[in-house]
Every structure is written in structure tokens, then in C-alpha cells.
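Chemist: Could you have a look at this structure, given as C-alpha cells, before my questions?
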Amino acid sequence: MRKSFGILMALILLFSAAGAGAEGLKAPDYVLEGCDAASANHDWETNLFFQRMQEDTGISFEFRQHTEEEQWKLRKEEIARGEDLPDVLFKAGLTDAETRAMAEAGVLLDLKPYLAEYAPDLWKMLEANPAWLEAITLPDGTIRALPAINELPANELIWINQTWLKNLKREMPKTAEELTETLRAFRKDDPNRNGQGDETPLSALSMWELRFLAHGFGIIDNDYYLSVKDGKAVSSLTTEENRAFLTWLRQLWEEGLLSHTCFSTVDSLRQVTDAKAAMTYGVFLSSSPLTVVPAESMEQYTTLDPLTWEGKQVYRDLLGPLTRGTFALTRNCREPERLIAWVNRLYTEEGSILMQVGREGEEYEWTEDGTWEWTQDLSTVASEVLPNATLSDGGIAPGIVTSAFQEKYAETKTQNMIAAMKKVQDAAVLPFPQVILTEEDAAEAARLQAKIAPFAEKRMAEFVTGDVPLDDEQWAEFGKELEERGLGDMIALWQKYIR
Numbered sequence: 440m441r442k443s444f445g446i447l448m449a450l451i452l453l454f455s456a457a458g459a460g461a462e463g464l465k466a467p468d469y470v471l472e473g474c475d476a477a478s479a480n481h482d483w484e485t486n487l488f489f490q491r492m493q494e495d496t497g498i499s500f501e502f503r504q505h506t507e508e509e510q511w512k513l514r515k516e517e518i519a520r521g522e523d524l525p526d527v528l529f530k531a532g533l534t535d536a537e538t539r540a541m542a543e544a545g546v547l548l549d550l551k552p553y554l555a556e557y558a559p560d561l562w563k564m565l566e567a568n569p570a571w572l573e574a575i576t577l578p579d580g581t582i583r584a585l586p587a588i589n590e591l592p593a594n595e596l597i598w599i600n601q602t603w604l605k606n607l608k609r610e611m612p613k614t615a616e617e618l619t620e621t622l623r624a625f626r627k628d629d630p631n632r633n634g635q636g637d638e639t640p641l642s643a644l645s646m647w648e649l650r651f652l653a654h655g656f657g658i659i660d661n662d663y664y665l666s667v668k669d670g671k672a673v674s675s676l677t678t679e680e681n682r683a684f685l686t687w688l689r690q691l692w693e694e695g696l697l698s699h700t701c702f703s704t705v706d707s708l709r710q711v712t713d714a715k716a717a718m719t720y721g722v723f724l725s726s727s728p729l730t731v732v733p734a735e736s737m738e739q740y741t742t743l744d745p746l747t748w749e750g751k752q753v754y755r756d757l758l759g760p761l762t763r764g765t766f767a768l769t770r771n772c773r774e775p776e777r778l779i780a781w782v783n784r785l786y787t788e789e790g791s792i793l794m795q796v797g798r799e800g801e802e803y804e805w806t807e808d809g810t811w812e813w814t815q816d817l818s819t820v821a822s823e824v825l826p827n828a829t830l831s832d833g834g835i836a837p838g839i840v841t842s843a844f845q846e847k848y849a850e851t852k853t854q855n856m857i858a859a860m861k862k863v864q865d866a867a868v869l870p871f872p873q874v875i876l877t878e879e880d881a882a883e884a885a886r887l888q889a890k891i892a893p894f895a896e897k898r899m900a901e902f903v904t905g906d907v908p909l910d911d912e913q914w915a916e917f918g919k920e921l922e923e924r925g926l927g928d929m930i931a932l933w934q935k936y937i938r
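End of the sequence shown = 938 in the numbering used here, gap-free, step of one.
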């Protein structure tokens, strides 16, 4: 009898505790919504990053996580209409047009009044880099979304086979002329040492990619073929520098140094998948060597140092360090000061590392030589650590990724690759300031681009292949057609945004 009474009391106490716990559960402070691609395998409900941030800040969230871009795009349209608003947009992927639309509808708060006091780390960076501040400021002077900052951003790079250079006892080429001689040696001197004459000296996928070689002729236009020179918007399309560049590419084509499939293939078709195969590529353009060669051959390649033109090294920065539209607060948000302070942590080195690799002593550790390494093997890092303890992929999050931390990774291959990429980045410049156009100007720029870009790329490719002769008559016709398609209007439109 006494035993039964003990069990009964235990059950009563258990249920009482459960009831008290349920009543005592604290509701989440805010609703956070955004998109994290399914491929990243992140679950915001259980991800250690959010749990650790809650421990540090006391702020908790109800999560609305989307994993499909198309689904998120439709949801953003609902948000722009004011439907079922969350408090926070995180990994928001807001385009300039979406940010403008939500701002004009009164959906997004102006964050600028809060930054100096509640996001001092971010504000310090913006003050030190006025172009960054301008890049996130709408034409009406407000800031409706915060950026991601990456000191070593993704770029289209030129990869050269350093093993071939060593085999042929050649130095890194420094000019377009020296690169031509290197490509000739790659073609005729059997640099992969298999005796088969199977080398492809230079491979690219399109005229867009080949334009990254134009820096060797002083050209670093953006995708609108525009840059800023002496405070004026200019286009290189009809310049003598561009004609010289296209003449050079024509020479490479005629000599068989430039792959004749470059205007008709894709990465998947040129990719080498056999790790034991002799490498056949001397120079290729891509964001990473892994899009073309297997990981086992990656060490053979390094970035081509930016070519020198008129005594200077300059290279096109494709995207710049800023990605706009990663974080925003809606009009539903109470106490925006708290959330601005929360996100400011991600613009510090400590917060950045927490998001990118996790917590020291758990996911990573520092070594005696001042480098850091994962505490788990790389297989476990990929399958468990990155999905469950970080938010480093799957969508661009607010915050900063510093090159200093990336450079301190202990693995030698990665160190060498990062060092090579940083050397290019140090010479890279944005062709045109990152600015947000008005809705009307954005629509007009898109209309003009649709008329100019396809024609320009096609005709330049035809100049390279010889389908259209690059003589005075055809060059003049090229310029006339571009003007008729609105090149002058495009230049004038962007000129308004140069401060």
C-alpha cells in the first residue's frame, strides 16, 4: 500500500511539474523568416548558431524557414503586400526592386536611425567606407536592408597550370604579350608530359568570361560595359583598347591557343572527372578550379597574377565585398533597437566566426602556430558540423567574413588557394559604384541592356572567330549599331549616380 502511494505521488508530482513547465514556457520574442536552401541541410529550429546567439543576447525567435528560392520569391511578394508579416527578414535575398517595393509600401523600417548607437561595429565600417554606405542607401536616403560583407568575395578568376610553368621553366606571365608566349609554349612543348599533344592552352565558356582577360588592355567594365573614369561614366565598347583586346583574342583563335569550343560549351562538358587523367588545360576562366578539374589536381593550378597594362595591375571586381538585402525589419517589429544590436554581433570577428565555423573548442580550435583547424574530420564537418552548427552556406546571411580568418586555416592547399585569390582581390576594383537605382531608372536600364548586351556579345564573338572581319568598316558599323541601340542613353542614365 505504501509503495502504491509512493508511485501515485510521483506521478502527481511529474504531471504537476509538466503543467507548470508548459505554463512557464516563454513565447519567442520575434518571428524570423527567410530562405536557406535545402542543399545546406540547415534546420533553424535546432541549429546551434541560433541557440548560442540566444544564450548571448537573450533573444529568441519563432522561425519561418523556406528552402526553395521560388517559394521564397512568392512569399516576398506577399510580404510586400503586408500579408502575415514577420518581425525579421534574415537571409532575405532582397533584390533592389524588392527592397524598394517593400519600402514604398511601408513594410520595411528605416534602419539608418538605429545604426550608429545600436550597431556600432557595422556603422564604423560604413563610415570608413562611404561607398558601402551609399550602396545600401535608397534614393530617398533611407536604409531598409543591411548587407553581407565578404573581404574575399567570389570572383571570376583566371587559373593557370603552375605545374606546366615549372615543367617548361617559365615564369608567371605579366602582360598580354607574355601570356601569348606562354600559351604558345603550352601548345607545342608537351607541358603535361604525356606525349600526346592534347593540351588546351586557353579555355573559356563565353565572351562574358573572356572579358575578364580585358584587364590586360586596361578594361574592367561591368556587365553594362560601363566604368568610371575621371568622374564620368564611360563604356569601352567602341574604344581602341577594346579593339586591341578583340584583335588579340582573334590572334589566339587563329593560332589555336584559344579553344574553338569556347562559345559553344558549358562547364559540365569541359570538366575533367578522372582524377588519374593527365591535365589538358593550361589556362581557364572560372570561379573555382573545381568546376573544371578534380580536387586531386587542384594543386596544379593557381590564379594568374593580374596582367600589367601601362605599368599598372588592375582587375575587375565582379560583385564587390557587399551583398545587399540580407537583413531587414518590418513594421511589425517592436523594439528594433534590440534586433539591430543582435545583428551587429555578426559584424564582429567573434560573431562572424560563430556563424561561419562555430564555437572555439567545440567545432574548431587554434593550433600552436596560430592557425585554426576543425575538431572533426572533414567528412564529419561536411555532414554534421556545417549543417548543424553554422549558417555558412545555403543563402547569404548578414555580417562580415574576414579574409584574415580565412587565411589562417591550417590546411596548406587551402592556404595557398586563398593566398592566390587574395593577390587578385588586392588588385581588383569595382568598375562602377554600387548604387540603388530608382524604379524608373532600373526599368530603363533593363530595357537598354536587353537591346545592347546580346548584340555586343555576339558581335564581339564574331570578331574573335573571324565570322565578321575586324576592319575599319565593320568597327565603325559596330559603333553605329551600339549608338542606335541606346549606348549613349545608357551612359547618360548611369552618369546621374556618380557622386
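Where a beta carbon is used, it is the ideal one built from N, C-alpha and C, also for glycine.
Is the number of C-beta pairs between the region 575-582 and the region 870-886 that are closer than 8 Å three or more?
Modeler: Taking 8 Å as the limit for Cβ pairs, the verdict is that the region 870-886 does touch the region 575-582.
Chemist: In the DSSP assignment, find the unbroken alpha helix (DSSP H) run with A915 in it and report its ends.
Modeler: From DSSP, the alpha helix (DSSP H) with A915 extends over 911-923.
Chemist: Let me confirm a value: L708 is counted as buried when at least 16 other C-beta atoms fall within 10 Å, else exposed. Which label applies?
Modeler: Exposed, since its Cβ has fewer than 16 Cβ neighbours within 10 Å.
Chemist: So, at 8 Å on beta carbons, what are the nonlocal neighbours of F529 in its own chain, with the 5 sequence-adjacent residues on each side left out?
Modeler: Within the same chain, F529 has close Cβ partners L471, E472, G473, T765, F766, A836, P837.
Chemist: Could you please give the first and the last residue of the uninterrupted beta strand (DSSP E) stretch that includes F766?
Modeler: Unbroken beta strand (DSSP E) run through F766: 761-768.
Chemist: For the region 507-562, list the alpha helix (DSSP H) runs that are entirely contained and at least 4 residues long, ordered along the chain.
Modeler: Whole alpha helix (DSSP H) segments, 4+ residues: 508-519, 535-543, 551-557.
Chemist: Compute the distance between the beta-carbons of K861 and S842, then report whether it is under 9 Å.
Modeler: The answer is yes: Cβ separation under 9 Å.
Chemist: For the candidate residues I937, K465, I518, P612, whose alpha-carbon lies nearest to that of D744?
Modeler: Measuring from the Cα of D744, the nearest candidate turns out to be P612.
Chemist: Could you have a look at T686 and say whether DSSP puts it in helix, strand or coil?
Modeler: DSSP places T686 in helix when its eight states are reduced to three.
Chemist: Out of D808, V796, V527, which has the shortest C-alpha to C-alpha gap to L817?
Modeler: For L817, the nearest C-alpha among the options comes from V796.
Chemist: State yes or no: is the C-beta of L939 within less than 9 Å of the C-beta of L685?
Modeler: The structure shown does not extend to residue 939, since the chain spans only 440 to 938, so no value can be given for it.
Chemist: Closest to T719 by C-alpha separation, out of S725, W748, Q710, would be which residue?
Modeler: The candidate whose alpha carbon is nearest that of T719 is Q710.
Chemist: Along the alpha helix (DSSP H) that carries V840, what are the first and last residues, could you check?
Modeler: Not the alpha helix (DSSP H): V840 falls in the beta strand (DSSP E), residues 838-840.
Chemist: My parser needs the alpha helix (DSSP H) runs of 4 or more residues fully inside the region 610-653; what are they?
Modeler: Counting only runs of 4 or more, we get 615-627, 646-649.
Chemist: Is the separation between the beta-carbon of F488 and that of P467 shorter than 9 Å?
Modeler: Cβ atoms of F488 and P467: not closer than 9 Å.
Chemist: Within 9 Å of any Cβ in chain D, is that where the Cβ of W933 sits?
Modeler: Structure shown: chain D not included; a single protein chain is present.
Chemist: Hey, would you say A519 sits closer than 9 Å to A544, going by beta carbons?
Modeler: In contact: A519 and A544 (Cβ atoms closer than 9 Å).
Chemist: How would you call H505, buried or exposed, if buried means at least 16 neighbouring beta carbons within 10 angstroms?
Modeler: Flag for H505 reads buried.
Chemist: Would DSSP call R886 helix, strand or coil?
Modeler: Of the three classes helix, strand and coil, the one that applies to R886 here is helix, per DSSP.
Chemist: Do V840 and A587 have their C-beta atoms closer together than 9 Å?
Modeler: In this structure, A587 lies closer than 9 Å to V840 by Cβ.
Chemist: Which of the three DSSP states is assigned to P586 in this structure?
Modeler: If DSSP states are grouped into helix, strand and coil, P586 belongs with the strands.
Chemist: Rounded to the nearest angstrom, how far is the Cβ of P592 from that of G759, given a contact under 8 Å?
Modeler: Contact holds; Cβ gap of about 7 Å.
Chemist: Rounding to the nearest angstrom, what Cα-Cα distance links K890 and D911 in this structure?
Modeler: Answer to the nearest angstrom: the Cα atoms are 23 Å apart.
Chemist: What's the gap between the Cα of N568 and the Cα of L665?
Modeler: Going by the C-alpha atoms only, they are around 22 Å apart.
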